[in-house]
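Numbering (the numbering used here), first residue to last: 99 to 785.
Worksheet for the structure shown next.
Below you can see the structure in the form of C-alpha cells.
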C-alpha cells in the first residue's frame, strides 16, 4: 500500500544530492526546487554542507528533523544501508530509489534488490524502484527526467514500468496539451508495481476530486487478478483506463499439443484481460495519448456527430473514418439548419459536415455551436471542430470560442487543429487555457471509434453457470496427468451440461456390431490414441454398413499409437469449436470460432478469460468474422448464438471447477438453428 508520505509528503530528503544537474541527484533536487515544493527539503552528501541552496548533511542521523520521503540516488551497493539508516534514524517511511545496478544487472544485482525489498517490507515502509525515473504529483516533482508536464488535479494519472518510455509518452501528451495529475515510474518494482498503483488509485478514489482518466504502460503483469479487480472497480466508479502491454512472457513460449494451445499465447491472454477489465489496449505512445485526449473530454452517450469545419476535405475524411466505426454524421434539416445558415456567409453548407468557408470567423463558429446546442440537442451526441489556417489571420479568437464552448456545453466538443506550424502560437495559447487538441482528423476518428467499442461486464458477470461440481471433481481427482480417456471426457462434458453426440468406444472387433447398433448408420469412426486424428487418416465418415465398419476398424487399429476406435452417429451442421488453455496466473483462456479442419486455416477465433458470463460469451461470438453465419447468409437459416454462448459459459465453468485442466478442445461442435452438439473433445490435465 502506498503511504501518504509517498503521495503527499510534508518533507523530503535527496540522498546523493549534487550541484551537478547533469547527475540524477542534482537534477531531481533542481526539479523539486523548480516545482516550489513548500515543505522542508534536505540533501545528504558527506562532501557538501549546502547543495543548490539546500542544507546538506553527511548522514541520516544528522538530519535536523524526521522526514517523510527519501529520494535515493547513490551507487546500488550502498542503497540498503542508507535506507535502513533513514528508517531508524530519521523516521522515513517512503522511498523513491532512482539508483540502477540491481536486478537488471544480473544475479549480483538481484541479491541487492531482494535485500532492499525485504528491508522495506520488514519496516512497513513503501518504495518505488529501484532503477526508476521517479514520481510526479501535484505536490512535488520527484523525478530526474524532463520535460515536466503541466501538473493539475484534473489531469491524467499515469503509471509506467519503464522510466524512459514514461518520459516519451508524457512528451507526446504535452504536444497535445494534455496535463497530468500524477506519474509513477515503478522501475524494477522491488515492492510496488503498476498493479499496486492501480489498486491505490482505486482504494483512495474520491468522486469529487480524483482524476477520471488512468493510463498504464506495462512490460509485465505479475498480478493479473489484482489488475482486473481494481481496473473494473475504477471503471465502475466512472473512470476510463487505457494502457500498453509490451513484451511477451514465458507462458507464450511453452509447447502446446491442442489446437487451442497452439493458437493461444500470453499476448492473447493479455488481450482478454484488458477486454474483460474494460481497459482500452493501445499499441504505441501516440495511440495512448490520442486515447487519453479522447477520454479527457466529456463522455459521449451516442454515436451521432456534427462536424464543423472551414475546409471541406478534412470534414469528408473524418466522415469516412467515423462511418467505418459505426458513427453517423446525420444530415441537419429543418428550421434549425436554416437558423445556422442564416448566420453564415453565402456559399456555406450546413448539411453536415457544416462548412463555413475559409473566411469563417470566431463569431460564426460561436453561432454554429449555439444553434447546434439549441436546435439539435436530441439529434447530436457530440461536435468535432476542424480549424486550421493558411496564416492570413490570427485564429486565437476561434480557439477561444472552442475552449469556452467545451466548458459550457453538456456534450463533448473535440478540437482538431491541424496547422501545427502556421498556428503554433495560437495552439499553444489554447493549450495554456487547459485545452487538449488533435492534429489529424483521421487518426482522431480511428481513436474515437476504438474508444466507443470498449465494453464493461462488471454488472453482468455476477453469479456462476451451474455445473455438477461434485461429478467433475470425482473424475479429475482420480485421473492422472495427461490426456483423459474418452469415458472421462464424456463424463466431464455431461457434468458441465455440454450436449454431445452419442458415442461408443470399441477396443476389439467383437464389439463392432453392438456399437453400430447403438449409433445407427450412417456413422463416424475415429481412432483413439493419436493426438491429431485427421493427420493420420484416423477419421472415417459416412460408414454405411457392418462389413464396412469391420474393415475400417481393422485399418484404424493398425495406426501407430491406436488404443481403440470411437463410434458416433453421423450428424450434420456447421462445425464450430470451443477450447481452453491455462495461461499461468491469468487462469483459463477460453477461445471459440470456426471448427473442424478450418480452425487453423482461417484462425477465426475470439478469446475471453474465465469466468465468462453470458454478455462476454455473446461478445466473443459477435467478434468472429464468421458471425454472419449466426444471423443467416443467402437464405440459409442462422445458427443459435444463444446456445453457443451457453456452451462457452459451460466450458468456462468446467475450467473453474477443474483448474487442473491444462488444455481442452471441443472440436468439432456441430451447430444448427436448434442447438449444438459436441462431436469430439480432448482434455489434458496437469495437476
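Beta carbons are placed, not taken as given, at the ideal position from N, Cα and C, and that holds for glycine.
Asked: Going straight from the alpha carbon of residue 524 to that of residue 680, what length do you get?; Found: 54 Å
Asked: Distance check for residue 578 and residue 604, CA to CA, integer angstroms please.; Found: 22 Å
Asked: Whole angstroms is fine: what's the gap from residue 453's alpha carbon to residue 493's?; Found: 17 Å
Asked: Which residues does DSSP list as the beta-bridge partners of residue 624?; Found: 637, 664
Asked: Does the contact criterion of 3 or more C-beta pairs under 8 Å hold for the region 243–253 versus the region 214–229?; Found: no
Asked: Give me the Cα-Cα distance between residue 782 and residue 677, rounded to the nearest whole angstrom.; Found: 12 Å
Asked: In its own chain, which residues sit with a C-beta less than 8 Å from the C-beta of residue 712, not counting the 5 before and 5 after it?; Found: 558, 743, 744, 747
Asked: Please report the straight-line C-alpha distance between residue 518 and residue 424, rounded to a whole angstrom.; Found: 29 Å
Asked: What alpha helix (DSSP H) runs, 4 residues minimum, are completely inside the region 280–314?; Found: 292–301
Asked: Using the Cα positions of residue 478 and residue 736, report the straight-line distance between them to the nearest angstrom.; Found: 35 Å
Asked: Can you tell me whether residue 343 is helix, strand or coil according to DSSP?; Found: strand
Asked: At what residue ranges does the region 648–694 contain a whole run of the alpha helix (DSSP H), taking only runs of 4 or more?; Found: none
Asked: Could you please give the first and the last residue of the uninterrupted alpha helix (DSSP H) stretch that includes residue 251?; Found: Where residue 251 is concerned, there is no enclosing alpha helix (DSSP H), although the beta strand (DSSP E) it sits in stretches over 249–258.
Asked: Within its chain, find whatever has a CB closer than 7 Å to the CB of residue 392; leave out the 5 residues flanking it on each side and keep chain order.; Found: 545, 546, 549
Asked: Report the option in 102, 377, 317, 306 whose CA atom is closest to the CA atom of residue 328.; Found: 377
Asked: For residue 687 and residue 715, I'd like the C-alpha separation in whole angstroms.; Found: 12 Å
Asked: Terminal residues of the continuous beta strand (DSSP E) containing residue 703?; Found: 703–707
Asked: When we look at the beta-carbon of residue 501 and count the other beta-carbons within 10 Å, is it buried (16 or more) or exposed?; Found: buried
Asked: Do you know offhand how far residue 429's Cα is from residue 449's?; Found: 5 Å
Asked: Which of helix, strand or coil does DSSP assign to residue 711?; Found: coil
Asked: By a C-beta neighbour count over all protein chains shown, 10 Å radius and 16 as the cutoff for buried, is residue 237 buried or exposed?; Found: buried
Asked: Buried or exposed: residue 752, going by 16 or more other Cβ atoms within 10 Å of its Cβ?; Found: buried
Asked: Evaluate residue 283 with the Cβ neighbour count: other Cβ atoms within 10 Å of its Cβ, from every protein chain shown; 16 or more gives buried, anything less gives exposed.; Found: buried
Asked: Between the Cα of residue 564 and the Cα atoms of 427, 710, 630, 503, which residue gives the shortest distance?; Found: 710
Asked: Counting only runs that start and end within the region 401–470, where is the beta strand (DSSP E) found for 3 or more residues in a row?; Found: 403–407
Asked: Would you mind reading off the limits of the alpha helix (DSSP H) that contains residue 784?; Found: That residue, residue 784, is in no alpha helix (DSSP H); it is neither H nor E in DSSP.
Asked: In its own chain, which residues sit with a C-beta less than 6 Å from the C-beta of residue 114, not counting the 5 before and 5 after it?; Found: 123, 171, 172
Asked: Given 8 Å as the limit, is there contact between the region 467–486 and the region 393–407, that is, 3 or more CB pairs closer than that?; Found: yes
Asked: Excluding sequence positions up to five away, which residues of its chain have a Cβ less than 8 Å from the Cβ of residue 463?; Found: 406, 454, 483, 485, 496, 499, 500
Asked: Could you please give the first and the last residue of the uninterrupted beta strand (DSSP E) stretch that includes residue 114?; Found: No beta strand (DSSP E) holds residue 114; DSSP gives it neither H nor E.
Asked: For a test of the three-state rule: what should DSSP assign to residue 268, helix, strand or coil?; Found: helix
Asked: Whose CA, out of 661, 617, 629, 627, lies closest to the CA of residue 644?; Found: 617
Asked: Could you tell me the distance, in whole angstroms, from the CA atom of residue 555 to the CA atom of residue 336?; Found: 14 Å
Asked: Is the beta carbon of residue 316 closer than 8 Å to that of residue 275?; Found: no
Asked: Taking only the alpha-carbon atoms, compute the straight-line gap between residue 506 and residue 474 and give it to the nearest angstrom.; Found: 16 Å
Asked: Would you tell me roughly how many angstroms separate the C-alpha atoms of residue 656 and residue 313, rounded to the nearest one?; Found: 59 Å
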